[in-house]
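Data block below; observations after.
What follows is the structure, given as structure tokens:
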């Protein structure tokens, strides 16, 4: 009798573990869903790839290709196989031996900080041995040389200080470019004690809606909710709205707030720092993956896929499996993100926001962002 009961319990236990609604079964289903989505995305990107190996229209393809390559490799594609190999070859051709950046050798070499930062990440992802060590080292030096600091005539009280802009040499710094710049430095293995991080932390702090010793801007005192705007430079500029609103509407929003938190972590700012506490408080009150939080309702879908990939990197950098919102609800952020991304995939395997803002009408770019986001959804 005891033997029969033991056998029955074993069978029952197995049934409980393996039933369709059980956690292991659900995890397996989710993994299969992601694998299927990635396979469809690879199929789309194989068809949409340009003959030269790049993705997207010229000249933006120089940065878009890096985004796609990183997204593909992080979700399992092999660097030496199509379509990634052709993309990597295209990026290799952008290495400027004279200047060190990875944005090209012709007059179309624009958005140099942004493009070089992304392509450092792409070459690092594709790296075997030390194949791209020299290119990455030279590109990193280029980026650091054009960070706004004393060498470029800015003191640490300047709202330019520590930041990076699109063009590298002369352009006004912004938080998005500075976030990519910092991620590139981190990817390249630059020491956390490098002065570039300390300088950048000052710039990032000047982009936060937080009235404190690091930011005395009137808009920071007015809003004072911990969120981040596009840039604190030139007295503050933002991208929540268009036209005059860029100079008057300094309300923070999701993509920049997550970029700000991620950047502060890279710069060594701890979770107990008042800037971090204030930013995380804003996130807890605005946790959502249905929109880019903080944006006006009419613009709530702007930059959605940029937001997704930044959300993923920020949450990963925070190092927690769950995030508790202001109502006390504990979120499995990976599951939330995965569900949000998967339900937005198009039948052809691509993702696209459909809005021209921030180039998110380019399915190649959005698909690259989506793949990046999905790559952070598997628990370590």
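Numbering (mature numbering (1 follows the signal peptide of the UniProt record, and there is no 0)), first residue to last: -27 to -1, 1 to 353. Ideal placement from N, C-alpha and C gives every residue a C-beta, glycine not left out.
Under the three-state reduction of DSSP output, residue 201 falls in the strand class. Exclusion of the five residues before and after residue 87 leaves 36, 139, 150 and 153 as the residues of its chain whose Cβ lies within less than 7 Å of its Cβ. Only residues of its own chain outside the window of five on either side were considered, and among them 96 have a CB closer than 6 Å to the CB of residue 105, listed in chain order. Cβ-Cβ separation between residue 323 and residue 336: approximately 4 Å, consistent with a contact (criterion under 8 Å). Residue 174 and residue 196 have their C-alpha atoms some 20 Å from each other. Between residue 200 and residue 267, the CB-CB gap stays under 9 Å. Under the DSSP definition of a beta bridge, residue 259 lacks any partner. Look at residue 97 here: in three-state DSSP terms it is helix.
Judged by DSSP secondary structure, residue 287 falls within the alpha helix (DSSP H) whose first and last residues are 277 to 291.
Around the beta carbon of residue 161, 16 or more other beta carbons sit within 10 angstroms, so the residue counts as buried.
Under a 10 Å Cβ-count criterion, residue 131 is classified as buried, with 16 or more other Cβ atoms of the shown protein chains found around its own Cβ.
Rounded to whole angstroms, the Cβ separation of residue 228 and residue 259 is 12 Å, and the two are not in contact under 8 Å. Around residue 310, the same chain offers 262, 281, 284, 285, 346 and 350 as residues with beta carbons nearer than 7 Å, after the five sequence neighbours per side are excluded. Counting of Cβ neighbours within 10 angstroms places residue 129 among the exposed residues, the total staying below 16. DSSP lists no beta-bridge partner residue for residue 120. A direct Cα-to-Cα measurement between residue 4 and residue 340 gives close to 18 Å. A contact is defined here as three or more CB-CB pairs under 8 Å, and the segment 72 to 84 fails this definition with respect to the segment 44 to 53.
Take the alpha-carbon of residue 171 and the one of residue 144: they are about 21 Å apart. Within the same chain, and ignoring the five residues on either side of residue 67 in sequence, the residues whose Cβ sits closer than 7 Å to its Cβ are 35, 75, 76, 77 and 92.
Nearest to residue 353 by alpha-carbon distance, out of 292, 313 and 325, is 292.
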